[in-house]
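Chemist: Residue numbers (the working numbering): 963 to 1032.
Glycine is no exception: its CB is placed at the ideal position from the N, C-alpha and C atoms.
Can you keep this structure in mind? I'll have questions shortly.
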């Protein structure tokens, strides 16, 4: 199994390539049955945590994610 790669798209979602399993607050697991997924970064998706393209409609702006060392 390959490790997932997470890429922040400019003005868009977090794009994840690789195996993905989402676990909600109640512990319910959802396996994404495709080789990639896009996670919402604008906070307005009607399909959270997945992106539904709303960022384009609302003019969401964000640079690529920056990583900070703790």
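At what residues does the alpha helix (DSSP H) containing residue 1020 begin and finish?
Modeler: Element bounds for residue 1020: 1016–1020.
Chemist: Does DSSP put residue 983 in a helix, a strand or coil?
Modeler: Reduced to three states, the DSSP call for residue 983 is strand.
Chemist: Please report how far the alpha carbon of residue 982 lies from the alpha carbon of residue 1007, in whole angstroms.
Modeler: If you take the alpha carbons of residue 982 and residue 1007, they lie about 19 angstroms apart.
Chemist: Under a Cβ-count criterion, where at least 16 other Cβ atoms within 10 Å of its own Cβ denotes burial, should residue 966 be classed as buried or exposed?
Modeler: Burial call: exposed.
Chemist: So, helix, strand or coil for residue 994, using DSSP?
Modeler: Correct three-state label for residue 994: coil.
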